[in-house]
Structure formats: C-alpha cells, structure tokens
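Be aware that the sequence shown starts at 1, since it is given in UniProt numbering, and climbs by one per residue.
All C-beta atoms in this analysis are idealised placements derived from N, C-alpha and C, irrespective of residue type, glycine included.
Heads up, the thing below is written out as structure tokens.
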Amino acid sequence: MIENQDIRPAQVIGPLGEPLTLEDLPSPNTKRWVVRRKAEVVAAVNGGLLTIDEVLERYSLSLEEFASWQRAVDRSGMQGLRVTRIQHYRDLYERQLKY
1 MIENQDIRPA QVIGPLGEPL TLEDLPSPNT KRWVVRRKAE VVAAVNGGLL
51 TIDEVLERYS LSLEEFASWQ RAVDRSGMQG LRVTRIQHYR DLYERQLKY
C-alpha cells in the first residue's frame, strides 16, 4: 500500500523559489535562527522533505515554536518570521479576522 511507503521528494521549492535539498537545510546545531533558515525548515516540512517529528528532533525545537513559524509563514510570508515584527503581524492578522 502506498500509505505505508516512505516516499519523499529529493528536493522541494525553498522560500525564495530555489531548489532545497536535505544538504541545503540549516545545520542541526544551528543556534541563531534567522528568517531564511526558519523559512527553509518550514518549506522542507511543507514539501515533505522532513516530517515535523524529524524537525523537532533534528533542531531541538518545541512543537509550539515550530508551529509558530508555520503560522507566521502562512499568515505573512517570510516577513512574519522576523522577531521584531511578530507582534505587528499578529495584530494585523487579528484585525483582518474582525472584518
């Protein structure tokens, strides 16, 4: 059955439109998470290159932290991942929901 097979793409489309492979992902010992690195990890999960569980283990992230990255990308794109802009984009999103 297909659902039991581990079928993964060799590459996915990265956040800037470039091909993204496992080798292109941030190092597992990454400590400084800039916007591009966060967006690459989110793109890898969304494209099926890695599972959420693999990302959490590989990068020692909490589910809440990774989920916040996914929400930020879904709502505001890469700009939503900027730490200095998180509150701004959160407020903007909540205002949009009201109207």
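- In the DSSP secondary-structure assignment, residue 12 is bridged to 20.
- About 6 Å separates the beta carbons of residue 40 and residue 14, which is inside the 8 Å limit, making them a contact pair.
- Nearest Cα to residue 36 within the set 9, 6 and 80: 80.
- Considered as a whole, the stretch 57–83 harbours 63–76 as its complete alpha helix (DSSP H) runs of no fewer than 4 residues, in chain order.
- Pairing residue 92 with residue 72, the inter-Cα distance amounts to about 12 Å.
- For residue 29, the secondary structure class from DSSP, reduced to helix, strand or coil, is coil.
- In the structure shown, residue 47 falls within a helical segment according to DSSP collapsed to helix, strand and coil.
- Under the three-state reduction of DSSP output, residue 41 falls in the helix class.
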